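For reference, the structure discussed in these notes is given below.
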Amino acid sequence: MQLFKTAEIRTKSSRRIKQIKNSDLVILDEVGFLPISRQEVNKLYEFINELYMKTSIILTSNKGFEEWSEFLGDSVITAAILDRLAHQCEIFTLEGPSWRIENRKTILDNPKI
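Mapping of the sequence shown onto our numbering: position 92 corresponds to residue 100, and the numbering continues sequentially without gaps.
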(Lines of atoms letter the chains of each structure in order from A and count residues from 1; the text may use other names and numbers.)
(Lines give C-alpha, C1' and ligand atoms only; values in the text may rest on other atoms or scores of the structure.)
Protein backbone atom coordinates (compact mmCIF):
# COMPACT_ATOMS: atom_id res chain seq x y z
CA MET A 1 0.00 0.00 0.00
CA GLN A 2 2.94 2.29 0.60
CA LEU A 3 3.77 2.14 -3.11
CA PHE A 4 0.26 3.36 -3.91
CA LYS A 5 0.64 6.28 -1.49
CA THR A 6 3.90 7.44 -3.02
CA ALA A 7 3.30 6.53 -6.68
CA GLU A 8 1.79 9.87 -7.57
CA ILE A 9 4.71 11.85 -6.16
CA ARG A 10 7.68 9.60 -6.73
CA THR A 11 8.82 8.37 -10.10
CA LYS A 12 10.62 5.41 -8.53
CA SER A 13 7.38 4.14 -6.96
CA SER A 14 5.54 4.55 -10.27
CA ARG A 15 8.21 2.51 -12.05
CA ARG A 16 8.02 -0.19 -9.37
CA ILE A 17 4.25 -0.45 -9.70
CA LYS A 18 4.63 -0.75 -13.48
CA GLN A 19 7.14 -3.60 -12.98
CA ILE A 20 4.77 -5.35 -10.60
CA LYS A 21 1.87 -5.02 -13.06
CA ASN A 22 4.00 -6.68 -15.75
CA SER A 23 4.87 -9.66 -13.53
CA ASP A 24 3.53 -13.16 -14.13
CA LEU A 25 2.65 -13.51 -10.44
CA VAL A 26 1.77 -10.87 -7.85
CA ILE A 27 1.55 -11.71 -4.15
CA LEU A 28 -0.52 -9.44 -1.92
CA ASP A 29 0.25 -10.48 1.64
CA GLU A 30 -1.80 -9.69 4.75
CA VAL A 31 -4.48 -7.63 3.01
CA GLY A 32 -6.67 -6.06 5.67
CA PHE A 33 -4.10 -6.33 8.43
CA LEU A 34 -3.68 -2.55 8.63
CA PRO A 35 -6.38 0.06 8.02
CA ILE A 36 -6.29 1.76 4.64
CA SER A 37 -7.62 5.09 3.44
CA ARG A 38 -10.34 5.61 0.84
CA GLN A 39 -7.66 6.69 -1.64
CA GLU A 40 -5.73 3.46 -1.01
CA VAL A 41 -8.91 1.42 -1.47
CA ASN A 42 -9.44 3.08 -4.85
CA LYS A 43 -5.81 2.41 -5.82
CA LEU A 44 -6.17 -1.22 -4.71
CA TYR A 45 -9.23 -1.60 -6.94
CA GLU A 46 -7.42 -0.02 -9.90
CA PHE A 47 -4.41 -2.27 -9.32
CA ILE A 48 -6.46 -5.48 -9.09
CA ASN A 49 -8.55 -4.44 -12.08
CA GLU A 50 -5.40 -3.97 -14.17
CA LEU A 51 -4.10 -7.40 -13.09
CA TYR A 52 -7.46 -9.10 -13.67
CA MET A 53 -7.29 -11.81 -16.34
CA LYS A 54 -3.64 -10.91 -17.12
CA THR A 55 -1.63 -11.91 -14.08
CA SER A 56 -1.81 -14.63 -11.44
CA ILE A 57 -2.48 -13.29 -7.95
CA ILE A 58 -1.85 -14.88 -4.58
CA LEU A 59 -3.55 -12.99 -1.80
CA THR A 60 -3.36 -13.65 1.93
CA SER A 61 -5.59 -12.08 4.53
CA ASN A 62 -6.62 -12.73 8.10
CA LYS A 63 -10.10 -11.51 7.12
CA GLY A 64 -12.88 -13.56 5.58
CA PHE A 65 -14.61 -12.14 2.52
CA GLU A 66 -17.59 -11.23 4.72
CA GLU A 67 -15.32 -8.79 6.63
CA TRP A 68 -13.89 -6.99 3.60
CA SER A 69 -16.63 -4.35 3.39
CA GLU A 70 -15.83 -3.33 6.94
CA PHE A 71 -12.10 -2.75 6.44
CA LEU A 72 -12.45 -1.35 2.91
CA GLY A 73 -15.29 0.91 4.01
CA ASP A 74 -17.42 0.62 0.86
CA SER A 75 -19.61 -2.33 -0.09
CA VAL A 76 -19.72 -1.41 -3.80
CA ILE A 77 -15.96 -1.30 -4.32
CA THR A 78 -15.59 -4.38 -2.09
CA ALA A 79 -17.95 -6.30 -4.38
CA ALA A 80 -15.99 -5.18 -7.45
CA ILE A 81 -12.65 -6.19 -5.93
CA LEU A 82 -13.91 -9.57 -4.69
CA ASP A 83 -15.64 -10.24 -8.01
CA ARG A 84 -12.32 -9.91 -9.81
CA LEU A 85 -10.37 -11.85 -7.20
CA ALA A 86 -12.86 -14.72 -6.91
CA HIS A 87 -13.38 -15.23 -10.65
CA GLN A 88 -11.44 -18.30 -11.80
CA CYS A 89 -9.66 -18.76 -8.49
CA GLU A 90 -8.90 -21.37 -5.88
CA ILE A 91 -9.68 -20.33 -2.32
CA PHE A 92 -7.80 -21.97 0.54
CA THR A 93 -8.94 -21.34 4.09
CA LEU A 94 -6.35 -22.14 6.73
CA GLU A 95 -7.34 -22.49 10.34
CA GLY A 96 -5.43 -23.27 13.48
CA PRO A 97 -2.72 -21.72 15.59
CA SER A 98 -0.34 -19.15 14.19
CA TRP A 99 2.61 -20.84 12.53
CA ARG A 100 4.88 -18.03 13.68
CA ILE A 101 3.87 -18.44 17.32
CA GLU A 102 4.14 -22.22 17.20
CA ASN A 103 7.55 -22.06 15.48
CA ARG A 104 8.77 -19.49 17.98
CA LYS A 105 7.81 -21.78 20.89
CA THR A 106 9.82 -24.59 19.32
CA ILE A 107 12.88 -22.39 18.89
CA LEU A 108 12.66 -21.01 22.43
CA ASP A 109 12.15 -24.48 23.93
CA ASN A 110 15.21 -25.92 22.15
CA PRO A 111 18.43 -24.85 23.92
CA LYS A 112 20.57 -26.23 21.06
CA ILE A 113 19.39 -23.55 18.64
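Glycine included, C-beta positions come from ideal geometry on N, C-alpha and C. Computed from a predicted model, the values in this text were never measured in an experiment.
Assignment of S45 by DSSP, reduced to helix, strand and coil, places it in the coil class. For the 8 Å CB-CB criterion, L67 and L36 form a contact. Ranked by Cα distance from S64, the options K20, I109, E98, W107 are led by E98. For S64, the beta-bridge partners assigned by DSSP are L33. Of the residues Q27, N57, S31, E110, the one whose Cα lies closest to the Cα of H95 is N57. In this structure, DSSP gives F73 a helical state, which the three-state scheme calls helix. Here T101 is exposed. Its C-beta has fewer than 16 other C-beta atoms within 10 Å. Contact annotation, L59 with K29: C-beta distance approximately 7 Å; criterion of less than 8 Å satisfied.
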